[in-house]
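Just so you know, we're using the numbering used here here: the sequence shown kicks off at 2 and counts up by one. First the structure, in the form of structure tokens, and then the observations on it.
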Amino acid sequence: MTDTSLDFRVTREDLTRFMQAALVAAGANQASADAVSRALVTASRMGTDSHGLRLLPHYLKALNGGRINGAPNMVFHQRLAATGFLDADDGLGHLAGFTAIEHAMAMASEVGMGAVAVGNSSHFGAAGCYALAAAERGYLGMAFCNSDPFVLLHDGAKPFHGTNPIAFAAPVEGGAPYLLDMATSSIPWNRVQQFGAIGRELPDQVAADAAGKVSRVPGEIEALLPLGGSSFGFKGAGLAGMVEILSSVLSGMQHGFKLLPMGGPDMATPRGVGHFFLAMKPDAFVEEGTFARGLAEYLADLRAQPATPDARVMAPGDREWRCQAQRDADGIPLDSANQSAYAEIAKQYQLAPLSRLD
């Protein structure tokens with residue numbers, strides 16, 4: 002559903018270069034710029050542009066407005082052998098996320114597990130980036146985050162939870178990690194915008210109008226339904242509540258219903274977003290190699306299962322790794338809206354524009 006009619010594609014290296022330069026120009030230090038570009042490029046390589054390159058203009062706006070501290074003094078407080086709290090000092094959530102998962106892995110390397118609650122943070126992009134960072138180092142990784150309200154409670158008429166994502170990644174010996182990155186809503190908000198842009202009706206049981214009534218018309222949508230829709234939404238709402246408790250309550254932050262909207266209009270007041278990260282060392286639970294063999298067997302059996310006509314059974318992450326391989330080879334596409342946004346950023350900050358791949 003992305004407009005690629007102009008076929009404007011860029012290398013991940015050039016996209017990283019541009020993002021880092023723009024973020025530094027807007028007041029981010031190099032560590033923050035590196036973390037943001039790492040997360041956004043990772044998401045776009047896997048095909049999730051809604052949490053990738055599309056977000057750069059928003060972060061620049063938040064830096065310029067003062068909502069986000071571009072040079073934070075993030076402080077980690079280790080509470081027990083496997084637990085700690087990271088005060089993100091109102092910095093960019095991507096730096097908070099990568100910093101926290103590093104601390105979680107350091108504790109896991111010593112005692113088998115490490116868990117970090119993060120407070121005073123901001124939007125961190127795709128949750129899967131941080132779970133993936135752990136899996137790439139041989140750990141099981143999990144990441145959670147709260148957000149401002151877009152999603153109804155089960156039988157609710159007004160938004161209460163955010164899309165409150167859950168991410169889980171596991172290392173796969175000799176292959177790309179197992180990667181689950183999901184919202185606890187039926188669809189992401191970006192899907193509503195995409196369907197509206199192309200004049201297409203939404204699927205049933207995924208979104209609602211201002212009265213909380215299920216609607217398929219993008220222009221009427223004021224809220225998303227939790228996973229399970231109007232009949233079984235207690236499942237998604239319950240998962241969203243779990244994420245909320247881990248992200249905001251455990252870190253001492255206000256819960257998502259009270260968060261300032263990500264989109265503004267207040268771009269000066271820090272939002273106080275909370276995150277939670279967990280890293281586990283597989284060999285701390287079973288003999289070395291047991292987990293790797295078991296996961297390989299599980300994935301082989303899963304992918305060998307019969308599929309419905311014109312379909313293929315895939316494990317979480319399979320689609321993303323195929324997309325990543327294609328985009329690494331052919332370039333990362335920018336639709337017309339993102340082309341305009343990036344051209345404006347180049348002009349505003351006097352940067353060398355993105356180079357189009359031939």
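Positions of the beta carbon are idealized from the N, C-alpha and C atoms, including for glycine.
Rounded to the nearest whole angstrom, the CA to CA distance from arginine 304 to glutamate 298 is 10 Å. In this structure, the straight-line span from the alpha carbon of arginine 138 to that of proline 204 is close to 38 Å. Per DSSP, reduced to three states, the secondary structure at phenylalanine 145 is strand.
The beta carbons of histidine 256 and glycine 94 sit no closer together than 8 Å. The continuous stretches of alpha helix (DSSP H) do not include isoleucine 222, and DSSP gives it neither H nor E.
Alanine 238 and phenylalanine 86 have their C-alpha atoms some 26 Å from each other. The segment 180 to 199 and the segment 284 to 300 do not touch, with fewer than 3 CB-CB distances between them shorter than 8 Å.
The criterion of a C-beta distance shorter than 8 Å is satisfied by glycine 163 and phenylalanine 151. The bridge partners DSSP lists for threonine 84 are Leu81 and Ala116. Rounded to whole angstroms, the separation of the alpha carbons of histidine 124 and methionine 263 is 8 Å. In this chain, the alpha helix (DSSP H) harbouring leucine 61 covers 57 to 66. Residue burial annotation: glutamate 202 is exposed, with fewer than 16 other C-beta atoms found within 10 angstroms of its C-beta. For alanine 36, the uninterrupted alpha helix (DSSP H) segment begins and ends at 31 to 46. Counting of Cβ neighbours within 10 angstroms places glutamate 245 among the buried residues, the total reaching 16 or more. Between the segment 315 to 322 and the segment 27 to 41, the count of Cβ pairs shorter than 8 Å is below three; the stretches do not touch. When the beta-carbon positions are compared, glycine 53 and alanine 44 come within less than 8 Å of each other. Distance from the CA atom of alanine 89 to the CA atom of methionine 254, rounded to whole angstroms, is 12 Å. DSSP places leucine 251 outside any alpha helix (DSSP H), giving it a letter other than H or E.
Non-local beta-carbon contacts of asparagine 30 in its own chain, meaning distances under 7 Å to residues more than five positions away in sequence, involve Gly71 and Ala72 in chain order.
Under the Cβ criterion (8 Å, minimum of three pairs), the segment 126 to 140 counts as touching the segment 164 to 180. At least 8 Å separates the beta-carbon of alanine 107 from that of glycine 98. The beta carbons of alanine 280 and alanine 105 sit about 4 Å from each other, so the pair counts as a contact at 8 Å. DSSP places valine 152 within a strand segment (E or B) once states are collapsed to three. Using a Cβ distance threshold of 8 Å, valine 207 and glycine 234 do not count as a contacting pair. By the Cβ-count criterion, glutamate 103 is buried, with 16 or more other Cβ atoms from all chains shown falling within 10 Å of its own Cβ.
When DSSP reads this structure, alanine 22 sits in no beta bridge, so it has no partner.
Here DSSP, grouped into helix, strand and coil, assigns methionine 108 to helix. Taking C-alpha positions only, alanine 134 is separated from aspartate 336 by approximately 28 Å. Across the structure, alanine 209 and serine 110 are spaced so that their CA atoms are roughly 46 Å apart.
When Cβ pairs closer than 8 Å are counted between the two stretches, the segment 258 to 274 is seen not to touch the segment 77 to 85, the count staying below three. Unbroken beta strand (DSSP E) runs of no fewer than 3 residues, entirely contained in the segment 250 to 330, are found at 274 to 281, following chain order. If you keep only unbroken alpha helix (DSSP H) runs of at least 4 residues inside the segment 164 to 205, you get 190 to 198. The DSSP-derived three-state label of asparagine 70 is coil.
Apart from sequence neighbours up to five positions away, the residues of its chain that approach glutamate 221 with a beta-carbon distance below 7 Å are Asp210, ordered along the chain.
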